[in-house]
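Colleague:
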Amino acid sequence: MTNLQQRLRETLDELPKHVQLVAVSKFHPAEAVTEAYAEGQRVFGESRVQELLPKHDALPGDIDWHFIGTLQRNKVKYIAPFVSLIHSVDNVALLEEINKQGRRADRTIRCLLELHIAQEESKSGWEPEACCQWLEQGAWHDMHNVQICGLMCMASHTDDEARIRQDFRAARQYFNRLKQGAMADNPAFAIRSWGMSDDWRIAVEEGSNMVRIGTRIFGERAY
Ligand SMILES: *Cc1c(COP(=O)(O)O)cnc(C)c1O
Numbered sequence: 038m039t040n041l042q043q044r045l046r047e048t049l050d051e052l053p054k055h056v057q058l059v060a061v062s063k064f065h066p067a068e069a070v071t072e073a074y075a076e077g078q079r080v081f082g083e084s085r086v087q088e089l090l091p092k093h094d095a096l097p098g099d100i101d102w103h104f105i106g107t108l109q110r111n112k113v114k115y116i117a118p119f120v121s122l123i124h125s126v127d128n129v130a131l132l133e134e135i136n137k138q139g140r141r142a143d144r145t146i147r148c149l150l151e152l153h154i155a156q157e158e159s160k161s162g163w164e165p166e167a168c169c170q171w172l173e174q175g176a177w178h179d180m181h182n183v184q185i186c187g188l189m190c191m192a193s194h195t196d197d198e199a200r201i202r203q204d205f206r207a208a209r210q211y212f213n214r215l216k217q218g219a220m221a222d223n224p225a226f227a228i229r230s231w232g233m234s235d236d237w238r239i240a241v242e243e244g245s246n247m248v249r250i251g252t253r254i255f256g257e258r259a260y
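Next up, the structure:
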């Protein structure tokens with residue numbers, strides 16, 4: 038077993054059964070994905086279209102590719118034919134484009150809505166109240182080629198665990214509000230994607246059922 042495979046094993050062993058692991062392979066070569074694949078991992082996360090496309094072409098067809106980074110509308114068409122889940126939808130225009138490209142590809146594309154929960158200005162995401170209100174107003178019912186499967190967020194970039202916990206807790210409260218309200222009749226709305234290498238334990242305690250872990254498995258990224 039390679040070091041990478043060992044770190045993958047340890048990560049999987051620590052995760053509760055109900056929490057799905059997205060192995061974030063961004064900035065690591067296809068060979069690293071192959072190592073994890075050989076150990077049984079099938080769900081991988083990438084954050085750039087120009088990196089995802091060659092990996093998708095080179096690697097086995099039964100990989101579930103999740104897109105987790107900022108997505109420009111003009112690039113949706115490249116990933117629409119195969120992407121398994123887009124975590125980072127943070128505006129209506131992007132969702133409309135995904136719907137349009139889903140129709141062209143004759144697919145229903147699974148999406149998470151990314152909430153801006155963290156304190157920093159720089160973090161991406163939909164302003165939570167605006168996102169909830171948009172869902173509550175119901176226009177998403179007419180988008181037949183997207184399926185809204187839950188929420189994603191990133192916590193504040195800090196060592197303050199209380200702050201991080203508070204962020205995840207806020208995300209969970211938005212999730213519960215939608216699950217009991219606007220999304221109550223939508224059983225697919227079930228994914229809570231929060232938690233990365235440094236904060237996944239807190240995230241799981243605060244209701245995450247999907248963690249996106251890169252560094253802990255693949256090592257430091259070379260930018
Ligand atoms: C890079 C990235 C991750 C993984 O981060 P690590 O700290 O390496 O685990 C998770 N989510 C998003 C959105 C990312 O861009």
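Each number in the working numbering corresponds to the 1-based position in the sequence shown with 37 added. Glycine is no exception: its CB is placed at the ideal position from the N, C-alpha and C atoms.
Just to confirm before moving on: does the CB-CB distance between ALA219 and CYS148 stay below 9 Å?
Modeller: Your numbering for residue 219 matches position 182 in the sequence shown. Your numbering for residue 148 matches position 111 in the sequence shown. Contact flag unset, no.
Colleague: Ligand 1: which residues have Cβ under 5 Å from any of its heavy atoms, chain order?
Modeller: VAL61, SER84, ILE105, MET233, SER234, ARG249, ILE250, GLY251, THR252
Colleague: What residue does the beta strand (DSSP E) around GLY187 start on, and which one ends it?
Modeller: The residue given as residue 187 occupies position 150 in the sequence shown. Here the beta strand (DSSP E) through GLY187 covers 183-190.
Colleague: Candidates PHE226, ARG202, PHE104, ILE239: which alpha carbon is nearest HIS124's?
Modeller: Position 87 of the sequence shown holds residue 124. Per the Cα distances, PHE104.
Colleague: So is PRO165 buried or exposed if we call it buried at 16+ other beta carbons inside 10 Å?
Modeller: If you number the sequence shown from 1, residue 165 lands on position 128. Under this definition PRO165 is a buried residue.
Colleague: Counting C-beta neighbours from all protein chains within 10 Å, is the total for HIS93 16 or more, i.e. buried, or is it exposed?
Modeller: Stepping through the sequence shown from its first residue, residue 93 is reached at position 56. Answer is buried; the Cβ neighbour count reaches 16.
Colleague: Run the CB neighbour count on GLN210, radius 10 Å, all protein chains shown included, and call it buried at 16 or more, exposed below.
Modeller: Here the question's residue 210 lines up with position 173 in the sequence shown. Result: exposed.
Colleague: For ILE116 and VAL86, which I take to be in contact (beta-carbon distance under 8 Å), what is that distance rounded to the nearest angstrom?
Modeller: Mapped onto the sequence shown, residue 116 falls at position 79. Mapped onto the sequence shown, residue 86 falls at position 49. So it is a contact: roughly 6 Å between Cβ atoms.
Colleague: Where does HIS93 fall in DSSP's three states?
Modeller: Counted from its first residue, the sequence shown places residue 93 at position 56. Three-state result, HIS93: helix.
Colleague: Per the DSSP calculation, GLU83 is bridged to which residue(s)?
Modeller: Locating residue 83 in the sequence shown gives position 46, where the first residue counts as 1. Beta-bridge pairing links GLU83 to PHE104.
Colleague: Got a sec, what are the start and stop residues for the beta strand (DSSP E) ARG249 sits in?
Modeller: The sequence position of residue 249 within the sequence shown is 212, counting from 1. Counting along the chain, the beta strand (DSSP E) containing ARG249 begins and ends at 247-250.
Colleague: Grouping DSSP H, G and I as helix and E and B as strand, with all else coil, what is VAL120?
Modeller: Residue mapping note: residue 120 aligns to position 83 of the sequence shown, counting from 1. It is coil, neither helix nor strand.
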